[in-house]
Amino acid sequence: MVSRPFLQKSAIAISIASLFYNIAEGIISVFFGAESSSHSLIFFGIQSVIEVLSSSLVVWRFMNGLKAGEEDDNGSEVRMSKDLRIERIATLAIGILLAMLALAAVGTSIASLIAHDHPSPSNASLIIAASAAFIMFLFWVPKRYLAKALNSSTMNGEALCTLSCIQFSTALLIGSLVYRVWRGGWWVDSATAIMIAMLFGWEGFKMIRWASNDKFNGSCCCGQGEQKADKQVMPGVIMMQQPNTAPQRCCGDSGCCKPSQESSDKV
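Going by the UniProt record's numbering, the residue at position 224 of the sequence shown is 224; the numbering climbs one at a time, nothing skipped.
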């Protein structure tokens, strides 16, 4: 069984790699967007800032976790009150970042639709969008795994930010390709971006609500919060079981942030 410290170090490593990649992606996207007067490409570069901030929060959270986290002989995590507070802050911050990304995407897309701005049909736009979607997918897979393995709402939020980048990249790519073959399809990428933004805005709201809940226990799966009172072993210390819930109960999937019926029955 993979140890928790190893998983934490893996989360830090993948987040640092993601951080540097997104800095490079943002600079390149803004540069070529300004050169080709592409508002969608410029926004794509600016939204990389959200991913950079999210990755930074994950690094901060797990660097502190390496110092505060311990494990007992049964493999259950003992999460100190300070560690739980850090998890709550990071989860809340990433939820706010997702909400900000959604608002910015909707606002920019509506402005583009009103102004009849068209996506850039340039090769640079296509290459940036395609490469970003592929590379971010390679980041998303291990992040999603680590979110479940660590049972961390913070890491799950980071995975959601990466997924949003993948989907916005795909929307930019599709919009540019459609505009190349059909000039009347100038609205496709903006309309798609609005739909994607609304989905991630909702995910951000759920993360904010979960982090603000008095039953928050730092887990990826919100239903586990119902068992918080039963897990207390001493003031300021909370026993957290290793994740054993089905994937569909995790934050970011449908039905999250609602106490499961099973958990309610146990209480």
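Backbone N, C-alpha and C fix where the C-beta goes; we use that ideal spot for every residue, glycine too.
None of these values were measured; they are calculated from a predicted model.
Alpha-carbon spacing of residue i relative to residue j, whole angstroms
i, j, result
"W202", "G45", "22 Å"
"E35", "F216", "46 Å"
"A24", "W182", "31 Å"
"T162", "V52", "10 Å"
"V30", "F205", "28 Å"
"G175", "V59", "34 Å"
"I135", "R209", "31 Å"
"S264", "S152", "Caution is warranted here: a pLDDT of 40 is assigned to S264, below 50, making its placement in the model unreliable, and no coordinate value can be reported."
"K82", "S212", "16 Å"
CB of residue i within 7 Å of CB of residue j, strictly
i, j, result
"I194", "Q167", "no"
"T154", "T91", "yes"
"L57", "I14", "no"
"A159", "K148", "no"
"S125", "H39", "no"
"I50", "L101", "yes"
"L7", "S54", "no"
"F200", "S164", "yes"
"G33", "I42", "yes"
"G218", "L84", "yes"
"T170", "A133", "yes"
Segment limits, alpha helix (DSSP H) that includes residue i
i, result
"S29", "R4 to E35"
"N156", "S153 to V181"
"K82", "S81 to A115"
"H39", "H39 to I46"
"G204", "V188 to S212"
"F134", "N123 to L150"
Nearest neighbour of residue i, chosen from the options [CA to CA]
i, options, result
"E87", "R144, L173, A191 and L150", "L150"
"V141", "P5, N213, A11 and S3", "A11"
"L172", "M1, G184, S131 and L138", "S131"
"M63", "V178, M1, P5 and I127", "P5"
Open item on the list: Within 8 Å, do at least three Cβ pairs link the segment 4-18 to the segment 115-125?
Closed with: Cβ pair count under 8 Å is below three, so no.
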